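Chemist:
In mature numbering (1 follows the signal peptide of the UniProt record, and there is no 0), the protein residues as written are -18 to -1, 1 to 89.
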C-alpha cells in the first residue's frame, strides 16, 4: 500500500512542480512520473510521507517510477502511518488506489 502510495505521491509532486511535458518518444528509457496521466489524480496530502519513504529505500528521483514501483512494499510499509495521519483514512485509501494504478499502468 505505502509503496504504491509513494510512487503515486511522488508522481503528484512532479505534477505539482508543473511538469507537464512527456519524455521524448525518441528517447527510450524508464517510465517517468511525468509520463503518467494518473499522477493528476493523486491527493497531495501524503506526498511528504511518500518522498521520505522513497528516499529511505534509495529512490531519490521523484520522477523514477521504476525505482518506486519496484520498492512498493518497502515504501508502503514506511509511509502508511504517515499517509493515514496526514490524509485520513478515506483519502489515504484513495492515495493507495491511485498509487497502485500508477504502478500497474505506468511503470
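Where is the CB? At the ideal position from N, CA and C, for every residue including glycine. Since the model is a prediction, treat every value here as computed from it, not as a measurement.
1. Using CA coordinates, which residue listed in 23, 73, 62, 20 is at the minimum distance from residue 33?
2. Pick from 56, 83, 67: whose alpha carbon is nearest that of residue 30?
3. Roughly how many angstroms lie between the CA atoms of residue 65 and residue 78, to the nearest whole one?
4. Would you decide whether residue 19 is buried or exposed? Buried here means 16 or more other CB atoms lie within 10 Å of its CB.
5. Quick one: using the 10 Å Cβ neighbour count with 16 as the cut-off for buried, is residue 22 buried or exposed?
6. Under a three-way DSSP split, which group does residue 43 fall into?
7. Answer with buried or exposed for residue 82, where buried requires no fewer than 16 other C-beta atoms within 10 angstroms of its C-beta.
8. Would you say residue 50 and residue 36 are within 7 Å of each other, going by their C-beta atoms?
9. Among the candidates 38, 25, 15, 26, whose CA atom is the shortest distance from the CA of residue 59?
Modeler: Reading from the atomic positions:
1. The sequence position of residue 33 within the chain shown is 51, counting from 1. Checking every option, the nearest Cα to that of residue 33 belongs to 62.
2. Along the chain shown, read from residue 1 onward, the residue named residue 30 stands at position 48. The option with the nearest alpha carbon to residue 30 is 67.
3. As a position in the chain shown, residue 65 is number 83, starting the count at 1. As a position in the chain shown, residue 78 is number 96, starting the count at 1. The straight-line gap from Cα to Cα measures roughly 9 Å.
4. Stepping through the chain shown from its first residue, residue 19 is reached at position 37. Within 10 angstroms of the beta-carbon of residue 19 lie fewer than 16 other beta-carbons, which makes it exposed.
5. Counting from one through the chain shown, the residue named residue 22 turns up at place 40. Around the C-beta of residue 22, fewer than 16 other C-beta atoms lie within 10 Å, and the residue is accordingly described as exposed.
6. What you label residue 43 is simply residue 61 of the chain shown in a count that begins at 1. Of the three classes helix, strand and coil, the one that applies to residue 43 here is coil, per DSSP.
7. Position 100 of the chain shown, counted from the start, is the residue given in the question as residue 82. Residue 82 counts as buried, since no fewer than 16 other beta carbons sit within 10 angstroms of its beta carbon.
8. For this step, residue 50 is matched to residue 68 along the chain shown. For this step, residue 36 is matched to residue 54 along the chain shown. The answer is yes: Cβ separation under 7 Å.
9. By 1-based counting over the chain shown, the position of residue 59 is 77. Checked all of 38, 25, 15, 26; the closest Cα to residue 59 is 38.
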